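Since the structure comes first, as structure tokens, the remarks are kept for the end.
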Amino acid sequence: MTNNILEMRDITKTFPGVKALQNVNLQVERGEVHAICGENGAGKSTLMKVLSGVYPHGTYEGDIVYEGETVEFKDIRDSEHAGIVIIHQELALSPHLSIAENIFLGNEQAKRGFINWDKTNLEAAKLLARVGLKDNPITKISHIGVGKQQLVEIAKALSKEVKLLILDEPTAALNDEDSAHLLDLIRHLKGQGITSIIISHKLNEIKAIADKVTIIRDGKTIETLDLQKDDISEERIIKGMVGRDLENRYPDRTPKIGEEIFRVEDWSVRDPRDTSRLVIDNAHLSVRAGEVVGIAGLMGAGRTELAMSIFGRSYGSHITGRVYMHGKEVRTHTVSQAIEAGIAYATEDRKHYGLNLIEDIKRNISTAGLKKLAKRGWVDGNQEYVVADQYRKSMNIKAPSVGAITGKLSGGNQQKVVLSKWMYSDPEVLILDEPTRGIDVGAKYEIYSIINKLAGEGKAVIVISSELPELLGICDRIYALAEGRITGELPISEATPESLMQYMTKERD
Amino acid sequence: MATDTTSSRPADLGNRVPNPERTPGGIRGALGFLTSQLRQIGIFIALLVIVVLFQILTDGRLLTPGNVSNIIVQNSYILILAIGMVMIIIAGHIDLSVGSVAAFVGAVTGVIAVDNGLPWWLAIAVGLVVGALAGAWQGFWVAFVGIPAFIVTLAGMLIFRGLTQITLGNTQITPFPTEYRQLGGGFLFPNVFPAATSPYEWITVGLGVLAAVMLVASQVRGRIARAKLNLEGEPFAWFVTKLAFSVALILLITYLLASSRGTPIVLIVLAVLVVVYTAVMNRSVFGRHIYAIGGNLNAAKLSGIKTRWVDFWLFVNMGTLAALAGIVFTGRLNSAGPGAGNLFELDAIAASFIGGAAVQGGIGTVTGAITGGLIMGVLNNGMSLLGVSTDYQQFIKGIVLLLAVAFDVFNKRRAAGATK
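Structure (structure tokens):
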């Protein structure tokens with residue numbers, strides 16, 4: 017007789033045009049810690065959203081059996097009522113409220129509409145004790161670190177009488193000490209009969225804490241491994257995560273690699289919100305003319321932070337290190353200096369950091385290189401139109417004219433506008449952060465072709481991607497990044513998903 | 144060609160082909176084009192409707208020569224403020240202090256020109272510098288310290304009102320030199336022909352015709368330049384209609400002014416400001432940066448735009464325009480008082496929003512703000528002619544502001560709904 021607290025049977029979830037989940041099965045036994053593993057975008061978070069009612073019953077196919085009964089959650093309140101609590105990667109705490117207020121947010125300890133503060137703080141203190149937090153419940157959330165905030169989230173879950181706790185990348189933003197504490201707590205809760213599902217990239221953590229691990233790849237369940245019974249190695253888990261065929265989804269290119277253009281030395285960056293945390297730790301990297309270099313790293317490894325800190329210090333504090341162009345040190349303290357030095361950075365977050373969505377295509381394309389269109393501060397609008405129209409054609413931006421508003425374009429076309437903008441700024445080094453995120457397969461191929469063309473023109477291209485096959489398909493050399501350190505550097509001939517994943521999950525010694 | 148752009152041109156793009164999709168033919172194309180233009184010119188149509196409405200309601204008293212002259216002079220300082228204000232709003236900020244800055248500058252010029260009897264031009268020059276410094280002060284706190292403009296300028300509203308009262312010691316300064324007063328209430332050569340007798344007052348007619356000719360010339364030149372590069376998307380008929388309408392409007396106003404007291408000096412100042420600032424917003428790097436910052440601050444920063452300096456200079460600019468408005472207002476009243484410029488900021492803000500500026504920033508035009516200001520001015524004037532009391536006027540202006548912005552929000556939501 018099984019003793020499963022949860023069974024998800026044949027879950028299929030489709031988004032317009034994409035099958036995010038396909039007949040996924042998950043069985044979680046009462047009182048265990050169950051890990052879910054998979055590459056970014058494999059469907060882990062989608063599965064958890066189905067479970068917690070973020071995607072309500074009716075928007076997916078398949079059954080959820082919880083505590084022996086088929087359940088149909090309408091929303092997240094519904095699932096929380098049943099004792100399923102999900103803690104997201106981005107914490108959902110209100111920074112200006114106290115710990116106690118946050119714990120009872122939406123569940124206020126009130127009588128006839130008036131909050132009983134003594135009870136609120138007393139109950140909060142009890143919950144804090146259970147998660148091993150000694151802070152005063154009236155402390156503001158913004159005054160405690162991320163690690164403690166995570167514990168407050170768990171205390172909040174406990175206040176809702178949680179039976180099944182779901183943790184999405186709980187240690188991604190934590191330092192080693194806080195991570196260890198959190199894992200201890202999960203073990204401790206297990207002793208109190210609370211079942212946990214933990215989504216994590218950190219395989220050593222999974223090995224340390226989980227009883228079983230279910231591997232998801234491309235929206236399908238691959239296998240469930242029992243870590244207690246069999247001696248499962250990290251390599252075994254990696255094989256399950258990446259084991260797919262690389263189809264011919266990448267255009268051919270014969271690399272013509274020249275002199276070194278770009279080099280970064282001793283690059284260290286601290287988290288601006290928590291300056292005790294090193295986000296980038298003594299990184300070195302270099303790129304040659306005509307070379308496409310990949311940066312592989314899991315969520316939270318510091319990929320974007322590395323790129324943005326190099327690009328005019330637009331991220332981070334206490335930055336130290338040197339940037340060289342053609343062997344000469346250059347000053348890149350502001351974005352305009354970085355652009356002047358010949359560096360371009362196309363963001364992973366087009367909508368928030370890349371485009372002015374209420375403006376048209378031509379004005380977006382000209383933003384970074386506007387100087388070239390201007391004489392004594394006055395812009396030649398006709399020339400701007402001509403330039404933008406050339407990019408519209410060469411980049412195959414699908415829009416009736418360059419006067420079209422960028423906010424109305426598809427993701428792929430928006431990405432082409434972002435790339436056009438940076439190409440027009442005449443860079444020698446292009447750092448492309450997740451250049452194919454959120455765009456369809458056909459547009460991806462076009463983006464790869466553009467990358468090839470840029471390399472063919474002798475530019476140095478750095479591609480940051482969470483999709484290993486993509487990096488393997490287009491790069492000449494790949495750096496692996498883990499916890500802010502470059503843990504490996506592989507020429508494409510030696511790089512395999514397995515070897516990269518090993519470096520990407522390499523822990524600090 | 145102004146600059147060399149060939150180096151960055153994608154290689155396979157030598158020859159240009161016409162874009163047939165930009166000029167769809169047939170009635171459907173024409174209708175589609177008109178609809179797309181309607182949003183741009185909607186605000187002008189609203190102004191026209193209001194003018195016609197009051198012209199009828201007042202039995203033709205609205206568009207008499209004397210009254211048109213009045214509308215322009217009465218609203219000139221709000222229109223000057225609206226130009227600076229819409230720029231601030233496009234960048235995503237607000238300025239609540241302009242009324243107080245205007246009053247303070249009026250007081251300072253009074254001390255210089257009246258109390259100390261120094262030359263009028265020195266008073267005006269110092270006044271403008273004081274305004275710029277006031278703007279720099281606020282720009283510093285907004286741009287470099289990072290305090291929201293709402294707070295900084297709310298404080299500025301109190302600070303400069305306080306400074307005004309300290310300067311004036313709760314009395315008024317009056318009378319101002321005649322030259323100083325010209326900017327607010329003066330007309331070009333009113334004595335060449337006696338007022339309100341000849342409809343052909345030569346200097347006004349000359350200026351009006353000159354303005355019309357310059358408008359036509361610049362429009363035609365722009366169209367030829369675009370045609371050469373093969374990027375003209377505007378149907379010829381529409382171009383002619385628009386131009387003919389604008390010319391007719393200029394000549395009508397010229398006729399009305401010429402039959403009254405002539406050209407108000409402040410109208411010339413305003414015309415220059417509108418032309419210059421429209422160009423700045425559309426064609427200068429600075430103007431582009433303002434739109435970029437308002438549209439997406441993060442993207443602007445990551446595109447190498449020095450957003451702090453742009454913010455700073457915006458406030459310096461606003462301070463200078465507020466000073467100019469203060470000088471015009473003081474000249475018109477012939478006195479600098481402690482309560483001068485009260486609530487000017489709200490009129491300027493309302494003008495910007497009625498003129499289509501977006502609350503979130505990134506959208507707005509100088510001509511829109513001017514039109515918005517004129518809508519308010521015509522409403523004021525028209526209701527006064529009808530004998531509507533000021534309490535009702537306030538009420539109606541409030542409703543108009545609310546409806547104008549609601550209409551804009553509704554329009555945007557519909558546009559968004561249609562595409563997604």
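Same order as they appear, the protein sequences are chains A and B.
Our numbering puts the first sequence at residues 17 to 525.
Our numbering puts the second sequence at residues 144 to 563.
For every residue, glycine included, the Cβ atom is placed at its ideal position computed from N, Cα and C.
In this text, all values refer to a predicted model and were calculated from it rather than measured experimentally.
Check: Same chain only: Cβ atoms within 7 Å of Gln125/A, ignoring 5 sequence neighbours per side; Outcome: Ile131, Asn132, Lys135, Thr136 and Glu139
Check: With 16 other Cβ atoms within 10 Å as the buried cut-off, status of Leu445/B; Outcome: buried
Check: Contact with chain A by Tyr220/B, beta-carbon distance below 8 Å; Outcome: no
Check: Leu239/B vs Thr296/B beta-carbon contact at 8 Å; Outcome: yes
Check: Residue of Ala305/A, Val339/A, Ala36/A and His368/A minimising C-alpha distance to Ile277/A; Outcome: Ala305/A
Check: Any chain A beta carbon closer than 8 Å to Ser427/B; Outcome: yes
Check: The region 333-341 of chain A in contact with the region 500-515 of chain A per 3-pair CB rule at 8 Å; Outcome: no
Check: Start-end ranges of the alpha helix (DSSP H) lying completely within the region 170-217 of chain A, minimum 4 residues; Outcome: 192-207
Check: Cα-Cα separation between Leu198/A and Val162/A, rounded to whole angstroms; Outcome: 11 Å
Check: Beta-carbon proximity list for Val251/B, same chain, < 7 Å, skipping 5 on both sides; Outcome: Val269, Gly270, Val273 and Thr310
Check: Test: Tyr535/B CB closer than 8 Å to a CB of chain A; Outcome: no
Check: Meets three-Cβ-pair contact criterion under 8 Å: the region 393-412 of chain A and the region 447-457 of chain B; Outcome: no
Check: Residues of the region 435-466 of chain B whose Cβ lies closer than 7 Å to any Cβ of chain A, in chain order; Outcome: Ala435, Gly438, Asn439, Asn441, Ala442, Lys444, Leu445, Ser446, Gly447 and Lys449
Check: Partners in chain A for Ile294/B, counting only beta-carbon separations shorter than 9 Å; Outcome: What Ile294/B touches in chain A: nothing, since even the nearest Cβ is about 18 Å away.
Check: CA-to-CA distance, Gly69/A to Glu510/A, given in whole angstroms; Outcome: 43 Å
Check: Close Cβ partners of Ile290/B (< 8 Å) along its chain, the five nearest in sequence each way excluded; Outcome: Trp284
Check: Residue burial classification, Leu488/A (beta-carbon count within 10 angstroms, cutoff 16); Outcome: buried
Check: Simplified DSSP assignment, three categories, for Val70/A; Outcome: coil
Check: Residues that DSSP places opposite Met24/A in a beta bridge; Outcome: Leu42/A and Ile80/A
Check: Gln208/A, buried or exposed, once every other Cβ within 10 Å from all chains shown has been counted against 16; Outcome: exposed
Check: DSSP three-state assignment for Ala360/B, whether helix, strand or coil; Outcome: helix
Check: Contact under 8 Å by Cβ, Val479/A with Pro443/A; Outcome: no
Check: Cβ of Leu372/B within 8 Å of any chain A Cβ; Outcome: yes
Check: Whole alpha helix (DSSP H) elements within the region 414-476 of chain B, 4-residue minimum; Outcome: 428-438, 440-444 and 450-476
Check: Any chain B beta carbon closer than 8 Å to Asn412/A; Outcome: no
Check: 8 Å Cβ cutoff met for Ile182/A and Ile103/A; Outcome: yes
Check: Beta-bridge pairing of Thr336/A - partner residues as DSSP gives them; Outcome: Ser284/A
Check: Where Asn554/B falls, given that 16 or more other Cβ within 10 Å makes a residue buried; Outcome: exposed
Check: Per-residue burial, Val195/B [other beta carbons within 10 Å of its own, 16 or more giving buried]; Outcome: exposed
Check: As assigned by DSSP and simplified to three states, the class of Met228/B; Outcome: helix
Check: Own chain residues within Cβ distance below 7 Å of Leu143/A, not counting five before or after; Outcome: Ile119, Ala171, Leu174 and Ser175
Check: Cβ-based burial, Trp263/B [other Cβ within 10 Å; buried from 16]; Outcome: buried
Check: Same chain, Cβ closer than 7 Å to Arg204/B, five either side skipped, listed in chain order; Outcome: Asn210 and Leu528
Check: Backbone CA spacing between Leu394/B and Glu377/B [nearest angstrom]; Outcome: 25 Å
Check: Simplified DSSP assignment, three categories, for Val211/B; Outcome: helix
Check: Option in Ala354/A, Gly423/A, Asn412/A and Thr30/A with minimal Cα separation from Leu371/A; Outcome: Gly423/A
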